Structure formats: structure tokens, C-alpha cells
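**Q** Following full-length UniProt numbering, the numbering of the sequence shown begins with 1 at its first residue and continues without gaps. The structure that follows is given in the form of C-alpha cells.
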Amino acid sequence: MATPLTAARLVAALKAEGCAVHEVGGWRTNNRNHKGPWGPVHGVMIHHTVTGPGTDVVDLIYHGHSALPGPLATGCITKDGVVHLTGNGRANHAGGGDGDVLNAVIGESYGTYPPATHEHDGSAGAVDGNARFYGWECENKGDGKDPWPSAQYIAIVKATAAICRAHGWGPKSAIGHLEWSDWKVDPRGFDMADFRRDVADALAHSAGLWEGEDPMPQYVNLGATGGYRLAPGAWDSVEFTTEWADETGHHATGGSVFARGPARFSGSVSLHIDGLPAGAVVQARMSEYEGDQHRADHPIHEIVGTGGGTFAVVPLTKRLPSRRSMRVRLLNQAAVPVTVASAVLTVLVWKET
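What follows is the structure, encoded as C-alpha cells:
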């Protein structure tokens, strides 16, 4: 059992969690409290809006419509990840639902999912969910095919975690509308068990530090294994003629580019150089290009000759902006040509949007 957050505490909790918050004018007094109780509150309910192009979705959630007066939720979370606050108090979002579900939420006593719901708005045993749950209406056509952009999904998790953290609740205080009322299907397009795992992950971090699950990196393993001559005095890009793995597809056959932005990467290139006199130097560096235009260089790594065969491992770590690509370049500072006997590049690449 919990007393509802004041408007100021809700805004503070959302901002502390890292949410982008838009306070719709008049939201602090926009509620349905004259129609029934608001509180004690026990959880957060997630919905999708079933709206298409051309709909002012925030206005709809604030004002409602002729058949269902607003506010229709505590807030509307749009596809750009902004949390638009539309109501402070009781809202027309949950309707009637199952008392067994409410008890499971209050005790956070269920397993992967709450008990099956057998009630809905208007049924004899229905419990008033509008009094007991905050509600997030999340912009979506609701057809199961409309994607959830990463910024929006992360905002839904953060906004839910913000309320749970403020009340001292765990992730099982968050449910979907379909888990409350037996004739609802929202939210469609993600699973509530997965969603609660993400809320749990957000709550396990300090407020504001969770940024979503890190995507799996892609593996790139390229080589220049035939050996080639490196003349003195000019920077020269390593052309990787062998592909063992190119999961990103960023390397053109025989080309020198190994990563393209927007992305970040981490790995190394192992070099074997023959004929570099003892004490002489070959320099290595990463260089950024746009198309064929050289745009930027990164710090130099010096490879000092040992006489005969010289071996070195050069670290490769960087974030690349959009439209930029990355190459490895070498500069032979010896007085004589040397041979790059092999260059083996291994990096993990995280694509960014």
C-alpha cells in the first residue's frame, strides 16, 4: 500500500532516472478524482495507444474522447522516448480487473507472470484498477507489427523503474493491461516477462545509469597474409586481402576499411614485419575517412625493429561517427623498404543508430 506520488515527486523521480520529461500544460490538475478514489497505489500498468499517423497522441491521452474522458493515463510515451505527463491522479486507463492479480502485484508473489485474469470492466468481480495503478500509454499502432524504437522502449522501462524506485517496489509491480483485464491485448509487440527483467536491471543500477541492454557485438577477423613491400617515407593503408569473418559487412573485398560508423569497436591488429633494422621504426595509426577523403588521424603506435622479424600488437578502440570509416595505416621510417609479412586484425564492432 502506498500514497500516490505528488506531481513534484513524480517529475523528480522521472528526471533522476534519466527520462526526457515534457509537462503538458495543466497536467498537475488533470484527473478523474471526482469519479472515484485515487490510491492507495500498488503498481504501474503498461498500455499501447492503437493510434496511427496524423493522430495527436499526446492530446488524445490528455483529453480523451467522447466515449472516454481524459486523462487516459499518467503519461504518454512517444516513439522519440519523451515522457509526456498528462494526468496527476486517477485516470481512465486500467478499468476493472482481477483481484487475484492485484493481490499478486501487492505481494510481488507471482512467478514469471501474474495469475491468469478472469475479470474485466463491468464484470461482477472486477476490481477498480484506475484507483490502484499509474498508467503509461505508449504510442503504437498496436497491430503487433509496429516496431518499438529503442529510445521509446528504454523510456518505458525507465519511467516504470522511476515509479517503482520512488515507492520501493520491485519489477513485479509492473504489469501489462492484458495481465489485468481478460479482454485486453496490450501492450503488443514485447513480452511483459522480458520487460520486467529490464525493469529489474534498471533498478539494480543507481538511478539514471541504466541505458538498455548492450547489443551483441559483431565479429570481424581480416588479414593481409601474402606479404607486401612497405616503402620508406609515406603513410600507407593496410589492405586486408583475406576475410575470415566480416559479420558487419563493412570490409570490401581486398579493401582497407574494417569498420564504418555509426559504430564503436574494440580489438587489435597483429603485425609481422621483416627487414626492419634494429632500432628503426614503423609507425601505425588508425585513420578516419569519408569515402576516399582522409578526415582524421588517431595517436601513433611505434613499432621498433629488432632485426630480422619484428612483431607487434596494435590496439584498436574507437567510436566512429556516421559516414566515417576506419583504416589502419603504416609509416616506414627506416631508410630501406621493409616487408609486411602479415597483418591480422580482430575486432568486435557494436553498431549504433
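C-beta atoms are modelled at their ideal positions from N, C-alpha and C, and glycine is treated no differently. Just so we're clear, the structure is a prediction, and the values are computed from it rather than from any experiment.
(1) Could you spell out the range, first to last residue, of the beta strand (DSSP E) harbouring Ser-268?
(2) Which residues bound the alpha helix (DSSP H) around Ala-104?
(3) What number of angstroms, rounded off, separates the C-alpha of Val-57 from the C-alpha of Ala-159?
(4) May I have the straight-line CA-CA distance separating His-177 from Ala-67, to the nearest angstrom?
(5) Are the beta-carbon atoms belonging to Val-340 and Leu-230 less than 8 Å from one another?
(6) Skipping 5 residues on each side, what residues in its chain have a beta carbon closer than 6 Å to that of His-301?
(7) Does Ile-44 pass the burial test, meaning 16 or more other C-beta atoms within 10 Å, or should it be called exposed?
(8) Starting from the Cα of Gly-144, find the closest Cα among Ala-131, Thr-51, Val-24 and His-34 and give me that residue.
(9) Is it true that the CB of Phe-240 sits closer than 8 Å to the CB of Leu-345?
(10) Along the beta strand (DSSP E) that carries Tyr-289, what are the first and last residues, could you check?
(11) Which residues in the same chain have their Cβ closer than 8 Å to the Cβ of Glu-179, if we skip the five residues on either side of it in sequence?
(12) Relative to the C-alpha of Ser-181, which residue among Val-127, Ala-174, Asn-33 and Arg-188 is closest?
(13) Could you name the residues of the same chain whose beta carbon sits closer than 6 Å to that of Thr-242, not counting the 5 residues immediately before and after it, in chain order?
(14) Quick one: residues in its chain with C-beta nearer than 7 Å to the C-beta of Glu-247, no 5 flanking neighbours on either side, listed in chain order?
(15) Under the three-state reduction of DSSP, which class applies to Glu-179: helix, strand or coil?
(16) Gly-189: which of Cys-138, Ala-155 and Ala-161 sits nearest, CA to CA?
(17) With DSSP as the reference, label Tyr-62 as helix, strand or coil.
(18) Please say whether Ala-94 and Asn-130 have beta carbons closer to each other than 8 Å?
(19) When the Cα atoms are used, what is the spatial distance from His-65 to Gly-87?
(20) Write down the C-beta distance between Gly-212 and Ile-154 rounded to the nearest angstrom, noting that I regard them as a contact closer than 8 Å.
(21) With a CB to CB cut of under 8 Å and the five nearest residues on each side skipped, what residues in its chain are close to Ala-151?
(22) Roughly how many angstroms separate the alpha carbons of Val-41 and Asp-198, rounded to a whole number?
(23) Going by beta-carbon coordinates alone, are Val-24 and Leu-85 separated by less than 8 Å?
(24) What I want to know is whether the C-beta of Gly-233 ends up closer than 7 Å to one or more non-hydrogen atoms of the ligand MN.
(25) Just to confirm before moving on: does the CB-CB distance between Arg-260 and His-250 stay below 8 Å?
(26) For the stretch 119 to 193, list the beta strand (DSSP E) runs that are entirely contained and at least 3 residues long, ordered along the chain.
**A** From the atom records:
(1) For this step, residue 268 is matched to residue 268 along the sequence shown. From DSSP, the beta strand (DSSP E) with Ser-268 extends over 263 to 274.
(2) For the purposes of this step, residue 104 is taken as the residue at position 104 of the sequence shown. Unbroken alpha helix (DSSP H) run through Ala-104: 99 to 107.
(3) Here the question's residue 57 lines up with position 57 in the sequence shown. Here the question's residue 159 lines up with position 159 in the sequence shown. Approximately 18 Å, taken between the alpha carbons.
(4) The residue you call residue 177 lines up with position 177 of the sequence shown. The residue you call residue 67 lines up with position 67 of the sequence shown. Cα-Cα distance, rounded: 19 Å.
(5) Along the sequence shown, one-based indexing puts residue 340 at 340. Along the sequence shown, one-based indexing puts residue 230 at 230. Yes, they are a contact pair.
(6) Within the sequence shown, residue 301 is the residue found at index 301, counting from 1. Within the same chain, His-301 has close Cβ partners Ala-284 and Val-314.
(7) By one-based count along the sequence shown, residue 44 stands at place 44. Per the sequence shown, residue 44 should be read as Val rather than Ile. Answer is buried; the Cβ neighbour count reaches 16.
(8) The sequence position of residue 144 within the sequence shown is 144, counting from 1. Ranking Ala-131, Thr-51, Val-24 and His-34 by Cα distance to Gly-144 puts Thr-51 first.
(9) The count along the sequence shown starts at 1 and reaches residue 345 at position 345. The count along the sequence shown starts at 1 and reaches residue 240 at position 240. Yes.
(10) Position 289 of the sequence shown holds residue 289. 281 to 290 is the span of the beta strand (DSSP E), which, as asked, contains Tyr-289.
(11) Locating residue 179 in the sequence shown gives position 179, counting from the first residue. Answer for Glu-179: Val-101, Tyr-113, Pro-114, Thr-117 and Met-192, listed in chain order.
(12) Position 181 of the sequence shown, counting from 1, holds the residue named residue 181. Minimum Cα distance to Ser-181 is reached at Val-127.
(13) By 1-based counting over the sequence shown, the position of residue 242 is 242. If we look at Thr-242 and ignore the five residues flanking it on each side, its Cβ neighbours are Gly-223 and Thr-225.
(14) Locating residue 247 in the sequence shown gives position 247, counting from the first residue. Around Glu-247: Gln-218, Tyr-219 and Val-220.
(15) Taking the sequence shown and counting its residues from 1, one reaches residue 179 at position 179. Helix.
(16) Against the sequence shown, residue 189 aligns to sequence position 189. Out of Cys-138, Ala-155 and Ala-161, Cys-138 has the C-alpha closest to the C-alpha of Gly-189.
(17) Along the sequence shown, read from residue 1 onward, the residue named residue 62 stands at position 62. Note: Tyr-62 maps to helix in three-state DSSP.
(18) Residue numbering aside, residue 130 sits at position 130 when the sequence shown is read from its first letter. Residue numbering aside, residue 94 sits at position 94 when the sequence shown is read from its first letter. Taking 8 Å as the Cβ cut-off, Asn-130 and Ala-94 qualify as a contacting pair.
(19) Here residue 65 corresponds to residue number 65 of the sequence shown, with the count starting at 1. Here residue 87 corresponds to residue number 87 of the sequence shown, with the count starting at 1. The straight-line gap from Cα to Cα measures roughly 15 Å.
(20) Here residue 212 refers to the residue found at position 212 when the sequence shown is read from its first residue. Here residue 154 refers to the residue found at position 154 when the sequence shown is read from its first residue. With a Cβ gap of about 4 Å, Gly-212 and Ile-154 count as contacting.
(21) Within the sequence shown, residue 151 is the residue found at index 151, counting from 1. Only Lys-79, Asp-80 and Gly-81 meet the Cβ criterion.
(22) Position 41 of the sequence shown, counted from the start, is the residue given in the question as residue 41. Position 198 of the sequence shown, counted from the start, is the residue given in the question as residue 198. Rounded to whole angstroms, Val-41 to Asp-198 spans 22 Å at the Cα level.
(23) Within the sequence shown, residue 24 is the residue found at index 24, counting from 1. Within the sequence shown, residue 85 is the residue found at index 85, counting from 1. In contact: Val-24 and Leu-85 (Cβ atoms closer than 8 Å).
(24) The model on display carries no ligand, and the ligand MN is accordingly not part of it.
(25) Within the sequence shown, the letter at position 260 stands for residue 260. Within the sequence shown, the letter at position 250 stands for residue 250. Against a cut-off of 8 Å, the Cβ pair of His-250 and Arg-260 comes out as a contact.
(26) 133 to 138 and 174 to 176
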